[in-house]
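Written out below as structure tokens is the structure these notes cover.
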Amino acid sequence: MIVVATADFEVYHGVVNELRDRGVAFTTIEPGDEWPGEAEVAVIAAGESVEIPDGVDLVQADPDTPRRAVEAVISTLRGGDGRTVIGIDPGERPGVAILHGDMVVAAFQVPAADITEIVREEVEDAVDPVVRIGDGARLVGARLIDEIQSVPVELVDETGTTPYLGSGARGMGDVLAAVNIARLDGEEIESRTIEPTAGELQKIKDRSREASDTNRAISEELARQVATGALTVEEALAKHNSDSPTEEGEPDSG
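Residue numbering for the sequence shown is 26 to 279, as defined by my numbering.
As structure tokens, then:
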């Protein structure tokens, strides 16, 4: 049984809401009340002094991050080792899975530009964290490896990590692949240098044309800078437009 035993209203409110959202059974008591005999894990506020019975695991919760406390509680109940592993299936909108031990505690699918901040938030105060990135979507993956500096990164062979998606599961493939990637050991890596292929550069140029108000593609040199992460497509378009303006009606050669 999970017991929330705190006089801190913010911690109580945050932890109880997180537990309810996850459908996890729990009970609450006032500090100093008699403890239920089935208590296995106690949740109190960080720095709070509460007498805990022998044999009951303790989790201290910060009012600003109740989710982390609940994740620690669930990991404790499941007997996990508590290690935080972040799996990333790279792409323009990578799938991201956060595991504590064997438990998936959070999942995201966000633009690639948001990944570094998610990693920073998730590894803060984490136990022995590691990020595992699939080796597909080479250009995006290489940028993420270079940007993630605060935690060890492993490159994982992502062959076979995307599962078959049955009825009603459309859109879940990248996130489920991220879960599988998180569970595979990879090769620790600090940087990955990728020379973009002609096809990859063309895809970037095509994206720039779609994003352009004037149906103009960026140059190959600017596409290369986008590929290496030096520029975003929007920044490359702005630079292209300022460097080579065209008169209205002039055909686009890009």
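Note that beta-carbon positions come from the ideal geometry of N, C-alpha and C, so glycine has one too. The model shown is predicted, which means the values in this text are computed figures rather than measured ones.
Given a threshold of 16 other Cβ atoms within 10 Å of its Cβ, counted over all protein chains shown, does residue i qualify as buried or as exposed?
i    : result
D46  : exposed
F133 : buried
D199 : buried
G159 : buried
T186 : buried
A86  : buried
V192 : Per the sequence shown, the amino acid found at residue 192 is Ser instead of Val. That one is exposed.
A50  : exposed
Just to check my reading of the structure: residue i and residue j have Cβ atoms closer than 8 Å, yes? What is that Cβ distance to the nearest angstrom?
i    : j    : result
K230 : A255 : Not really, about 16 Å apart at Cβ, beyond 8 Å.
I113 : P119 : 5 Å
E179 : I214 : 7 Å
L164 : A252 : 5 Å
A261 : S237 : That pair is no contact at about 10 Å.
So residue i is in the alpha helix (DSSP H); what residue range does that whole segment cover?
i    : result
F133 : Element bounds for F133: not the alpha helix (DSSP H) but the beta strand (DSSP E), 128 to 134.
V148 : 140 to 148
T101 : 91 to 103
Please confirm whether residue i and residue j have their CB atoms less than 9 Å apart.
i    : j    : result
P177 : T109 : no
T141 : I173 : yes
A162 : G116 : yes
A64  : V28  : yes
S216 : I170 : yes
P91  : G39  : yes
Can you tell me where the beta strand (DSSP E) holding residue i begins and where it ends?
i    : result
V66  : 66 to 70
E117 : From DSSP, E117 is part of no beta strand (DSSP E); its letter is neither H nor E.
D231 : Segment 223 to 236 is the alpha helix (DSSP H) holding D231; no beta strand (DSSP E) there.
A30  : Neither: A30 is in no beta strand (DSSP E) and is coded neither H nor E.
A289 : Given a span of 26 to 279 for the chain in the structure shown, any question on residue 289 remains unanswerable.
V155 : 152 to 159
Who are the near neighbours of residue i in its chain, counting only those whose CB is closer than 7 Å to its CB and skipping five residues on each side?
i    : result
M197 : L190
Suppose the cutoff is 6 Å on Cβ atoms and the five residues either side in sequence are ignored; what does the same chain contact list for residue i look like?
i    : result
T101 : V66, D82
A151 : T109
I123 : I111, V130, A131, E147
Given residue i, which residues of its chain have a CB within under 8 Å of its CB, disregarding the five upstream and five downstream residues?
i    : result
T257 : A138, V251
E55  : A30, A32
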